[in-house]
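Asks: Residue 1 is where the sequence shown starts when you use this note's numbering, and the numbers rise one by one after that. We put the beta carbon where it would ideally sit given N, CA and C, even for glycine.
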Amino acid sequence: MKARIAVLPGDGIGPEVIAQGIRVLHTLAERFGHEFELTELPFGGAAIEACGDPLPPATLSACREADAVLLGAIGGPKWSGPEARVRPEAGLLKLRAALGAYANLRPVTVHPALADASTLKREVIEGVDLVFVRELTGGIYFGEKRRDAHSASDLCIYTVAEIERIVRTAGALARARRRHLTSIDKSNVLETSRLWREVTTRVMAAEFPDVKLEHQLVDSAAMHLIRRPRDFDVLVTENMFGDILTDEAAMLAGSLGLLPSASLGKGRSGIYEPIHGSAPDIAGRGIANPYGTLYSVALLLRLSLGLPEEAQALEAAIGAAITAGARTADIAVPGTRALSTAEAGAAVLSNLPRRT
Ligand code: IPM
Ligand code: MN
1 MKARIAVLPG DGIGPEVIAQ GIRVLHTLAE RFGHEFELTE LPFGGAAIEA
51 CGDPLPPATL SACREADAVL LGAIGGPKWS GPEARVRPEA GLLKLRAALG
101 AYANLRPVTV HPALADASTL KREVIEGVDL VFVRELTGGI YFGEKRRDAH
151 SASDLCIYTV AEIERIVRTA GALARARRRH LTSIDKSNVL ETSRLWREVT
201 TRVMAAEFPD VKLEHQLVDS AAMHLIRRPR DFDVLVTENM FGDILTDEAA
251 MLAGSLGLLP SASLGKGRSG IYEPIHGSAP DIAGRGIANP YGTLYSVALL
301 LRLSLGLPEE AQALEAAIGA AITAGARTAD IAVPGTRALS TAEAGAAVLS
351 NLPRRT
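1. How about Thr109 and Ala253: are their beta carbons less than 8 Å apart?
2. I'd like the ranges of any alpha helix (DSSP H) spanning at least 4 consecutive residues and lying wholly in the segment 30 to 73.
3. Hey, is Ile331 close to the ligand MN, as in C-beta under 7 Å from one of its heavy atoms?
4. Quick one, are the C-beta atoms of Val203 and Glu238 less than 8 Å apart?
5. Suppose you measure from the CA of Asp231 to the CA of Ile184; what does that come to, to the nearest Å?
6. Three-state secondary structure (DSSP) at Asp231?
7. Rounded to whole angstroms, what's the CA-CA distance from Val167 to Leu294? Just pull it up for me.
8. By the three-class DSSP mapping on this structure, what secondary structure does Tyr10 have?
9. Taking the alpha-carbon positions, what's the Pro9 to Pro42 distance?
10. With three or more beta-carbon pairs closer than 8 Å as the criterion, would you say the segment 219 to 228 touches the segment 83 to 94?
11. Hey, could you find the ends of the beta strand (DSSP E) Pro334 is sitting in?
12. Among the candidates Leu181, Met240 and Ala205, whose CA atom is the shortest distance from the CA of Gln216?
13. From Val133, Arg179, Glu315 and Phe142, pick the residue whose C-alpha is nearest to that of Leu349; which is it?
14. Pull up the distance between the alpha-carbon of Glu343 and that of Ala324, whole angstroms please.
15. Taking DSSP as the reference, what is the three-state secondary structure of Gly270?
16. Please list the segments of the alpha helix (DSSP H) lying wholly inside the segment 166 to 207, counting only runs of 4 or more residues, in order along the chain.
17. Where are the beta strand (DSSP E) runs, 3 residues long or more, that stay fully inside the segment 104 to 143, in chain order?
18. I believe Thr39 touches Ala47 by the beta-carbon criterion, under 8 Å. Please report the beta-carbon distance rounded to the nearest angstrom.
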């Protein structure tokens, strides 16, 4: 098949991990007989430097026209002071909103070989297999912001329609998995959460009666996530709770560097990015973990390009590389030599199937 992929390396370790994603895409295209047209575009801090805009119009239009967007990471100390006029993060939020990417899927699984890389006990995390469905284009991230000399406010607002559509995404996903959905809110305090709980209950009862629905308050969910993570299947929650809980959930897998994400809207296209940030502390050293990006590439192949076989081959190759001990510093066994980003990428390439 032919596909156009907009590639946004971004800042910090973004370009380093994206380089491995590009290698893998080229190799898969060759081995499986596809034509992937990859276009690299300026985004984030890098684009602020180049033209003062974290999401230049040419980058946005290329993303709109592409079959999928592959993104590295954005941000850095240079653009993050309280006095910064324009921030890389604004570009990311604008991109998500412009593409209508309201459903952010963040799967968390524990590779058996990495159970000891986690700060949590092996017996707690072994066998974890859950997916977060984070609402991505609403809530406090996008409500009106105000600031005067004495105060500041961020409005958290959700419409019924926004909640309905994300619950449908989560319900359908749960139906295809273990048919258990946990909806996370703060309905003992927030009005938006009371609406969230009401709408979720109604949509699930009417459209997904075969899926078991459970409600949890966000504070308690944060606790249960590390106490009994195996009990979760699909979790649906609003934008900010999802942001916070998925960083926490990454520790189940062993490292933030392992987790992929897919941000989807109405159409087939989507934005694929590792959930980690630009990690300015290790940027430029070639030691970042590329697996979160490579798992994101697998999601891109499956969900936007409709190539499940290729996606599966890539996931298996990452898994095999990890089993064989190909570990970057964040997941390395203490006392052993950690692989560089490029070496980890090469280990995955060497486990991809040959041309059939
Ligand atoms: C994420 C990131 C972003 C978010 C930031 C960079 C705006 O933390 O994708 O989780 O908060 O959504
Ligand atoms: Mn985050």
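Replies: Quick answer:
1. Here the question's residue 109 lines up with position 109 in the sequence shown. Here the question's residue 253 lines up with position 253 in the sequence shown. Contact flag set, yes.
2. 45 to 51 and 57 to 65
3. Locating residue 331 in the sequence shown gives position 331, counting from the first residue. Answer for Ile331: no, Cβ out of range of the ligand MN.
4. One-based indexing of the sequence shown puts residue 203 at position 203. One-based indexing of the sequence shown puts residue 238 at position 238. Not a contact, by the Cβ cut-off of 8 Å.
5. Mapped onto the sequence shown, residue 231 falls at position 231. Mapped onto the sequence shown, residue 184 falls at position 184. Rounded to whole angstroms, the separation of the alpha carbons of Ile184 and Asp231 is 14 Å.
6. One-based indexing of the sequence shown puts residue 231 at position 231. Helix, per DSSP.
7. As a working note, residue 167 is residue 167 in the sequence shown. As a working note, residue 294 is residue 294 in the sequence shown. Approximately 27 Å, taken between the alpha carbons.
8. Along the sequence shown, read from residue 1 onward, the residue named residue 10 stands at position 10. Tyr is not the amino acid found at residue 10; the sequence shown has Gly there. Of the three classes helix, strand and coil, the one that applies to Gly10 here is strand, per DSSP.
9. In the sequence shown, residue 9 corresponds to position 9, counting from 1. In the sequence shown, residue 42 corresponds to position 42, counting from 1. For Pro9 and Pro42, the distance between alpha carbons rounds to 8 Å.
10. no
11. For the purposes of this step, residue 334 is identified with residue 334 of the sequence shown, where counting begins at 1. Where Pro334 is concerned, there is no enclosing beta strand (DSSP E), given that its DSSP letter is neither H nor E.
12. Here the question's residue 216 lines up with position 216 in the sequence shown. Closest in C-alpha terms to Gln216, from the list Leu181, Met240 and Ala205, comes Leu181.
13. Within the sequence shown, numbered from 1, the residue matching residue 349 stands at position 349. Residue Glu315 is the option with its Cα nearest to Leu349.
14. Here residue 343 corresponds to residue number 343 of the sequence shown, with the count starting at 1. Here residue 324 corresponds to residue number 324 of the sequence shown, with the count starting at 1. Spanning the two alpha carbons is a distance of roughly 13 Å.
15. Reading the sequence shown from its first residue, position 270 is the one you call residue 270. Strand.
16. 191 to 207
17. 129 to 135
18. Counting from 1 along the sequence shown, the entry for residue 39 is found at position 39. Counting from 1 along the sequence shown, the entry for residue 47 is found at position 47. Their Cβ separation, rounded to whole angstroms, is 14 Å, which puts Thr39 and Ala47 out of contact at 8 Å.
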